Each structure stands twice: as structure tokens, then as C-alpha cells.
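Below: the structure, in C-alpha cells.
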Amino acid sequence: MSETVRKSVLAVGPFHPLQEEMEFFQLTVDGETVTDINVRLSYNHRGIEKLSETLQFDQIPFLVSRICGICSASHPLAYVQAVEEIAQVEVPERALYVRTIINELERIHSHLLWVGLAGHFIGYDTVFMWAWKYREPVLDLLEEITGNRNNYGNVKVGGCREDVPDELKPKILAELDVIEQKTEMLTKAVLDDPVLHARLKGVGILKKDDAVKFAVTGPTARGSGVDIDVRHDDTYAAYGALDWKVISQPEGDVFAKAVVRLLETFESIKMVREALRKLPKGPVAAEVKEIPPGEGCGHAEAPRGETFHYVRSDGGNRPVRHKVRAPSYVNVPSFKASCIGEHIADVTLTLAAVDPCYSCTERVAVVDGRRQVVHNYASLLQLSREKTARLRKEIGAPEMKLEDL
Amino acid sequence: MITEVATNLFWILIFPGFVFTLAVGLVASWLVRKVSALVQYRVGPPVYQPAVDVTKLMGKEILIPQDAHRAVFVVAPLVGFSGVLLLSTMLWLVGVQITFVGDIIVALYLMVLPSLALILGSSASGSPHATIGAAREMKLVLSYELPLVLAFVVVIIKTAGGLEPGEQLSLVALSQQAPVMSISGLLAFIVALLCVQAKLGFVPFDIAESETEVASGVMIEYSGALLAVWKLMQAMMLVALPLFLVVVFLGGIGISVGGLLGGIGKYLLVVVLVILIKNTNPRVRIDQAMRFFWFYCGGALVAAVILATLGNYYGLAWL
């Protein structure tokens, strides 16, 4: 007799109407209950890090702004901050404020986008359409400032590419008023609807200690009561000079994540207003001649969480190593803690609630033919560790264990 | 004899059966899309869009999964379709006073047929998504059938005074009265409307089809002409089920010009209510749907039955 137990597996992906990107969640189900979840990514690996090594320092912001169509201000900012750390550049104050304005406008449109998508995932297409309609003016503003609705690439090493023109200020303020009013309406609708409460509260709970264990970032962490925010904890751009607060909710369910995002939108509106008011006069970029050898790290709070860039320079005009970690990379594995034991209907919503962005977070998988994965993340990590150990031995580095660090 | 058969065939196939109901159904499904679009700040499709969609599907290849039970898989849409066809013919004929005692029970049976066919067809397809969809559809049928029957019990109690005992089970007799004009009748109408919402598979009860969870669940393996038959069936249900509510609760459709216009108005009212509920709610979970139908709707109906009985006893028509 065979000892294998046949389990029914529900495939969410690789192509599934839940999300527009390629992802593959294998939900092991028992009736309507999900008993295990297996995530497989790496359908859309684009080799950004390798490409980046072939580009010059000032070309890379345009490349990394294409890592994610929605976090396309945060990635370049994190990269630029890493390079500025290497070159010890003094960034003009106006540039810091412009960076803040662009990043917060990005957060507003990203959070509204998520609210719309979340509505769609639970079949509430009216919310979907309305939220996206309200998001539209933000994209128009970004286009007027930077020339692009998405993929702005507005930062460069030493400052910003495009300035926020003073004559645009009244228009931005007027649009912000409209957006604030509409977001308020949306927030009230979400917070007061009993059917939405029934659908969102207590669903996909990520407990605080699980959130810490999986090291989640951004609204996912703040929705679980972990009030981490790079803008506050390691302040950059002009965030230190502005008056705002970190929003966090203790519950950890989908509802808490929605509340965090909606309230953060208000904070962002407030921040843009204040930044526009305080916008100092002066140049918007400093002259940067050379990038000396060295290494630097930069991180920024993208709408989905902390995005981290590491850049190493050997004194040439290209980085020799550029490492990117997008927020979804840590947020996606938390499904192990939040999805098991839930209904299928709740799991699909929980998957969407961290606002995952798969192509940003892709890592290589080696696939043989059409079916078999030869190397997945774990085995590649193992290979990489083995290679490091071999290199260490070759150059005669002292033996070191993880525990010693 | 031959003329009788011919008349019956004409009734079933041309007017007011197949062709007519289909035309009305396609317009009604356009109405659903257009009104939804307006609610959502969109433009919406032109009036011929549903017909074009179905025509396109008719020309597409039919793919039958390897693991599927072929016969059941192919026959199921046709069974569901014929059920709705008979139901709508019967309901239209109520307008011209053609009826038989007990046709309300036949109508109730025919109304379950599409759901049963859907369950059969999707279970036969052998897809895990469809299996979950079928299980959900089954639970949904179990949840809304009881409240629907109870809602008719309320109507029958309400109309007990004015009708002969046998006549209460005939649709024509019921269509002469409008029980919705009383508290108990209104309660029963609201519950029946929600049951119709679930039968139509619209949000908040589109659980069996939910696109973002099980990728249109029950329908996932259907393609080409078979999918077109399902779509046509849904379009015709959009005629039959609201019409059923109009006949049972709202006083039916008359033959006179005024009665006809009033009837069309009532039908549109029910359809627009359904569309508005569809667009102002998120999809509920299957266990929430069951709890809602059994406890909330069931409770409301028990209250309605008590009110209606008291109303009859004391002669208060508004109760």
C-alpha cells in the first residue's frame, strides 16, 4: 500500500486573475481551508543587478526606477543615497524637499491603487474604479513635475533631475485638497461598512512576533503593531524637518493594513503640503565629479516597505556591485504565518494585502526543460555560501561562523 | 391536435419562449453592464455587446479537459438552459392567464435546475478550481432555497383570504395580488430578492464563480459554444427570476397597455435593485452567506409568517 496521502492543491498562478504579475501559490486545501502554502516566484527575472553593472552611475536611476512601476521614486532614491554615501556629496536642501514631495506623491497614488485593488479582490469593483479615479490626478501632477506618470527617475546623484516649479504650487495644493476629500470619503466608506468589516476584520492575522520573525516591513509591519518606518527611524531627504507621525495598528489583520494605508495617505498629503510651504530657494542639484572607490548603502521607505540598495564602486564610472532588496522580498514569506488555517477566500485576500510586487523581488531560479526546478532559492543560497567559503579558503581568510558575528 | 402542438412549440421556441426571452435577456444583461459602468464612472458597452460576445464564443473551439466526464460536461449546460427556457415561457404565459394549479411548485423546481446543472457540469470537469466552485455552489443552493420557499409561504398566507384553497398554488391567481404592500410581504420580498441575487450569481453572492479566488470556479473549464450556452442561460435567468418576483410579489404584468407598462416598470425596478446591490457590496465568504440566509433571512421570514398570520386573523391587510 502506498503511504502517500493525496492532497488537493489549488493553484493560484502562474497566471491567475488575482494579480497581474506572474506568481505561483500552491495552496494545499482541505475543503475550503488552506493547510499549507508554497510560494514559487522567479518567472520574471530581469537581471537588473547585472544590467546595473554595465551602466554608468548616472544612468542607473532610470534603470532602477523600472524595477517597480509603482515604487519608481523610492528605488532610485535608495540607490542615489547609496552612491552619495560613497562620494560624500552634500545634497542641496531644495533637492531634499523635492525628493520628499515626489516620494510622498508616489505613496499617495500607490496606497490608493492598493485600496482599489483590494476592493477588486473582494469583488467590490465600485471601490476599485472609484479609488483609481481619485488616484489619477496624482499621476497627472507627477507627470507635470517630472515628465512621466510612472518611472519618473527624478533623482540623480547629488540632487534631482527636475525641480518642482513655484508656479505649480497652487495647482498641487488644490489637487491635494480634492484628493484629501475623496480619500476621507473612501476611508469613511471602508470604516463604516458592516459587510466590509465582516470580510476584512480578523482575516489573515500576522501576529506581532511573527511580523518580527519574518522581518516584514512597511504597512505590513505597521499593521501588525511594529512601528518601523525608515522615514522616521533613519531619516533621509527632508522627513526629519516635517511634522508627521508613524501610523500603526496593533491587530495585524487585513483591516488593520487597510486602515494603516488609508491613514498614511492623509499623513502624506499633510507632508506634501508642509514640504511645499517650506520649500527653500536654491539649486536643485550639486555637481558631482567622480565616484571614489568604496561602498555605500541607501534605503528608503517605499509604499510597500523598506527598499534597500547596496552599491560598491572601484573608482570607475560604473558600480562593480549593485544589490537591491525590494520590500516584497521579506513581506511575501510572511504568508506562511498569516495564511495557514484560513479560508481560501481569505487567503487570496491576505496574499494581496501585503501589496506584493513580484517582479521587483525576483531572484534567479534555474529551471531544466519545462517542469523541474533545478535550483531554487534555498539551493542557490547554499551554492553561494559554498562559493564564499571556497573563496575564503583560497585567499586565506580567517575561519568565521555566523554565531561569531 | 396538430395546431395545438404547433401553438405550444411556437410558445416555447419563438414567443414568449426562447427567442423573445433571449432577446430580452441580452438587453437585460447589457443593462447590468451599463448601469454598473455608470455607477463606477465608466462608459460601459454598447447595447449589442452581450450579443456580440455570445456570437464570438459560438465560433470558438470547445475544449474538453482530459479528466472530464465528457457526456455530463457537455449535457449540463443544455439541461440548465432548458430549465430556464421552460421557466420563462411559463412565467410569460401567466400574463395571458394560461396556468395550471400547482405551477408555482413547478416553477420552484425549474429554478433550481440551473444551479444543479452548474454543479454537475463543474464537478464533471475534473478541475480543482471547479471542484471548489461546485462545493460552494452546492452550499449556496442549500442556504438560499429554504428562505425562498419560506418567502412564498408568506405570500400564500397573505393571499389566503381572497382565493380558493387550490388557487393559491397557481401563479395567475397570485399575480392578481401585490403582497409587497404589507409589512410581512415586504420582508418576504426583500429576502426573495436576495435569494434571486444569489441565484443569479451576482456580488455579494458570486462566491461560486469568484474570479479572484477560484478564477471563475464553476465555469473555469468551459469554453466556446458551451460557455456561450452558460452565458445565454445567465442572460435568460436575468429575465426569468426578476419576472418571477414581479408575478409573485408585485402584482404581475397585465395585458392592458397600462398593465404592460406597469409590468415593465416593475421588472426594471427589480433589475435595478439587483444591480445596485451588486455594485455596493463586497463578496461575502461562503460561511457568512450561509449564516446570513439561514439566521438573518430565516429569522426575518419567521417574523413575516407570524405577522401575516396575525394580519389574517385580525383582518389587518397592512400587517
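Chains as they are written, first to last, in my numbering: chain A, 512 to 916; chain B, 44 to 362.
Even for Gly, the Cβ is constructed at its ideal location relative to N, Cα and C.
Note that the structure is a prediction, hence the values are computed from the model and not measured.
Next on the checklist: I'd like the list of long-range same chain contacts for His820 of chain A, defined as Cβ closer than 6 angstroms, with 5 residues on each side in sequence excluded.
Outcome noted: In the first sequence, residue 820 of chain A corresponds to position 309, counting from 1. So the qualifying residues of the chain are Ala589, Tyr590, Ala593, Gly809, Val835.
Next on the checklist: Which residue wins for smallest C-alpha separation from Asn842 of chain A, given the options A:Arg605, A:Ala606, A:Pro814?
Outcome noted: If you number the first sequence from 1, residue 842 of chain A lands on position 331. Closest by alpha carbon: A:Pro814.
Item to check | Proximity of Ile263 of chain B and Ala173 of chain B at Cβ, strictly below 7 angstroms | outcome: For the purposes of this step, residue 263 of chain B is identified with residue 220 of the second sequence, where counting begins at 1. For the purposes of this step, residue 173 of chain B is identified with residue 130 of the second sequence, where counting begins at 1. Cβ atoms of Ile263 of chain B and Ala173 of chain B: closer than 7 angstroms.
Next on the checklist: Rounding to the nearest angstrom, what Cα-Cα distance links Gly816 of chain A and Pro830 of chain A in this structure?
Outcome noted: Within the first sequence, the letter at position 305 stands for residue 816 of chain A. Within the first sequence, the letter at position 319 stands for residue 830 of chain A. The straight-line gap from Cα to Cα measures roughly 25 angstroms.
Checklist entry - Across which residues does DSSP place Leu538 of chain A in a beta bridge pair? => result In the first sequence, the residue the question calls residue 538 of chain A occupies position 27. DSSP lists A:Leu521, A:Ile548 as partners of Leu538 of chain A.
Checklist entry - When the Cβ atoms of the stretch 548 to 568 of chain A are set against those of the stretch 289 to 300 of chain B, are three or more pairs found closer than 8 angstroms? => result no
Checklist entry - Does Gly524 of chain A get closer than 7 angstroms to chain B when you measure Cβ to Cβ? => result The count along the first sequence starts at 1 and reaches residue 524 of chain A at position 13. Answer no: the Cβ-Cβ gap between Gly524 of chain A and chain B never drops below 7 angstroms.
Next on the checklist: Nearest by alpha-carbon distance to Tyr747 of chain A: which of A:Glu897, A:Ser519, A:Leu892, A:Pro603 is it?
Outcome noted: Looking up residue 747 of chain A in the first sequence gives position 236. It is A:Pro603.
Next on the checklist: Report the CB separation of Cys873 of chain A from Ser553 of chain A in whole angstroms; it is logged as a contact under 8 angstroms.
Outcome noted: As a working note, residue 873 of chain A is residue 362 in the first sequence. As a working note, residue 553 of chain A is residue 42 in the first sequence. A quick correction: the sequence has Glu, not Cys, at residue 873 of chain A. Going by Cβ atoms, the distance from Glu873 of chain A to Ser553 of chain A rounds to 5 angstroms, so yes, they are a contact pair.
Checklist entry - With 16 other CB atoms within 10 Å as the buried threshold, where does Arg113 of chain B fall? => result Your numbering for residue 113 of chain B matches position 70 in the second sequence. Label assigned to Arg113 of chain B: exposed.
Checklist entry - Terminal residues of the continuous beta strand (DSSP E) containing Arg924 of chain A? => result With chain A covering 512 to 916 only, the question about residue 924 of chain A has no answer from this structure.
Item to check | Where His854 of chain A meets chain B, residues with beta-carbon distance less than 7 angstroms | outcome: Walking along the first sequence from the start, residue 854 of chain A turns up at place 343. Here the neighbours are Arg328.
Next on the checklist: Using a 10 Å radius around the Cβ and a threshold of 16 neighbouring Cβ atoms, would you call Met696 of chain A buried or exposed?
Outcome noted: Along the first sequence, read from residue 1 onward, the residue named residue 696 of chain A stands at position 185. Exposed, since its Cβ has fewer than 16 Cβ neighbours within 10 Å.
Checklist entry - In angstroms, rounded to a whole number, what distance separates the CA positions of Asp825 of chain A and Gly807 of chain A? => result As a first step, residue 825 of chain A is located in the first sequence; it is residue number 314 there, counting from the start. As a first step, residue 807 of chain A is located in the first sequence; it is residue number 296 there, counting from the start. Taking the straight line joining both Cα atoms gives about 12 angstroms.
Item to check | Under 7 angstroms from the C-beta of Ser519 of chain A: neighbouring residues of chain B | outcome: Locating residue 519 of chain A in the first sequence gives position 8, counting from the first residue. Those within 7 angstroms of Ser519 of chain A in chain B are Pro171.
Next on the checklist: Check whether chain A comes within 7 angstroms of Ala258 of chain B, counting only Cβ atoms and requiring the distance to be less than that.
Outcome noted: Here residue 258 of chain B corresponds to residue number 215 of the second sequence, with the count starting at 1. So yes, Ala258 of chain B belongs to the interface.
Item to check | Three-state class that DSSP yields for Tyr821 of chain A in the structure shown | outcome: For the purposes of this step, residue 821 of chain A is taken as the residue at position 310 of the first sequence. Secondary structure at Tyr821 of chain A: strand, using DSSP grouped into helix, strand and coil.
Checklist entry - How far does the beta strand (DSSP E) with Ala811 of chain A in it reach, from first residue to last? => result To locate residue 811 of chain A, count along the first sequence from 1; it is residue 300. 805 to 813 is the span of the beta strand (DSSP E), which, as asked, contains Ala811 of chain A.
Next on the checklist: Against chain A, does Pro325 of chain B count as a neighbour if the rule is that its beta carbon must be under 7 angstroms from one of theirs?
Outcome noted: In the second sequence, counting from the first residue as 1, residue 325 of chain B sits at position 282. Yes, Pro325 of chain B counts as interfacial toward chain A.
Checklist entry - In whole angstroms, what is the alpha-carbon distance linking Cys868 of chain A and Glu188 of chain B? => result For the purposes of this step, residue 868 of chain A is taken as the residue at position 357 of the first sequence. For the purposes of this step, residue 188 of chain B is taken as the residue at position 145 of the second sequence. Between Cys868 of chain A and Glu188 of chain B, the C-alpha separation is close to 42 angstroms.
Next on the checklist: Is it buried or exposed, Lys242 of chain B, if we count other Cβ atoms within 10 angstroms and call 16 or more buried?
Outcome noted: For this step, residue 242 of chain B is matched to residue 199 along the second sequence. Lys242 of chain B counts as buried, since at least 16 other C-beta atoms from the protein chains shown sit within 10 angstroms of its C-beta.
Checklist entry - Taking 7 angstroms as the CB-CB limit, is Ile690 of chain A close to chain B? => result The count along the first sequence starts at 1 and reaches residue 690 of chain A at position 179. No, Ile690 of chain A does not count as interfacial toward chain B.
Next on the checklist: Taking 7 angstroms as the threshold (beta carbon to beta carbon), is Pro765 of chain A in contact with chain B?
Outcome noted: Mapped onto the first sequence, residue 765 of chain A falls at position 254. Note that residue 765 of chain A is Val in the sequence shown, not Pro. Among the CB atoms of chain B, none fall inside 7 angstroms of the CB of Val765 of chain A.
Next on the checklist: Can you look up Gly302 of chain B in the DSSP assignment and give me helix, strand or coil?
Outcome noted: Looking up residue 302 of chain B in the second sequence gives position 259. Reduced to three states, the DSSP call for Gly302 of chain B is helix.
Checklist entry - Can the beta-carbon of Pro247 of chain B be found less than 7 angstroms from the beta-carbon of Ser519 of chain A? => result Against the second sequence, residue 247 of chain B aligns to sequence position 204. Against the first sequence, residue 519 of chain A aligns to sequence position 8. No, the Cβ-Cβ distance between Pro247 of chain B and Ser519 of chain A is not below 7 angstroms.
Item to check | Beta-carbon proximity check, Leu363 of chain B vs Ile226 of chain B, cutoff 7 angstroms | outcome: No information on residue 363 of chain B is available, as it lies outside the stretch 44 to 362 that chain B covers here.
Item to check | For Val783 of chain A and Glu615 of chain A, believed in contact at Cβ under 8 angstroms, the rounded distance | outcome: Along the first sequence, read from residue 1 onward, the residue named residue 615 of chain A stands at position 104. Along the first sequence, read from residue 1 onward, the residue named residue 783 of chain A stands at position 272. That pair is a contact at about 5 angstroms.
Next on the checklist: Could you check whether the Cβ of Leu538 of chain A sits closer than 7 angstroms to any Cβ belonging to chain B?
Outcome noted: Here residue 538 of chain A refers to the residue found at position 27 when the first sequence is read from its first residue. It does not; no Cβ of chain B falls within 7 angstroms.
Item to check | Whole-angstrom distance between Phe143 of chain B and Lys77 of chain B, CA atom to CA atom | outcome: Position 34 of the second sequence holds residue 77 of chain B. Position 100 of the second sequence holds residue 143 of chain B. Cα to Cα, Lys77 of chain B sits roughly 38 angstroms from Phe143 of chain B.
Item to check | Where Leu790 of chain A falls: helix, strand or coil (DSSP) | outcome: Taking the first sequence and counting its residues from 1, one reaches residue 790 of chain A at position 279. Three-state DSSP puts Leu790 of chain A in coil, outside helix and strand.
Checklist entry - Going along the stretch 75 to 96 of chain B in order, which residues come within less than 7 angstroms of chain A, judged by CB to CB distance? => result Val82, Gln83, Tyr84, Arg85
Next on the checklist: Ignoring anything shorter than 4 residues, give me the alpha helix (DSSP H) runs that lie fully in the stretch 225 to 301 of chain B, in order along the chain.
Outcome noted: 226 to 243, 254 to 257, 267 to 292
Item to check | 6 angstroms CB neighbourhood of Ile307 of chain B in its chain, flanking five on each side removed | outcome: Within the second sequence, residue 307 of chain B is the residue found at index 264, counting from 1. There are no such residues.
Checklist entry - When the distance is taken between beta carbons, is Val127 of chain B closer than 7 angstroms to Met333 of chain B? => result In the second sequence, counting from the first residue as 1, residue 333 of chain B sits at position 290. In the second sequence, counting from the first residue as 1, residue 127 of chain B sits at position 84. No, the Cβ-Cβ distance between Met333 of chain B and Val127 of chain B is not below 7 angstroms.
Item to check | Partner residues on chain A for Pro247 of chain B, Cβ-Cβ distance less than 8 angstroms | outcome: Along the second sequence, read from residue 1 onward, the residue named residue 247 of chain B stands at position 204. Chain A residues near Pro247 of chain B: Gly634, Val706.
Next on the checklist: Could you check whether the Cβ of Glu254 of chain B sits closer than 7 angstroms to any Cβ belonging to chain A?
Outcome noted: Here the question's residue 254 of chain B lines up with position 211 in the second sequence. Answer yes: the Cβ-Cβ gap between Glu254 of chain B and chain A drops below 7 angstroms somewhere.
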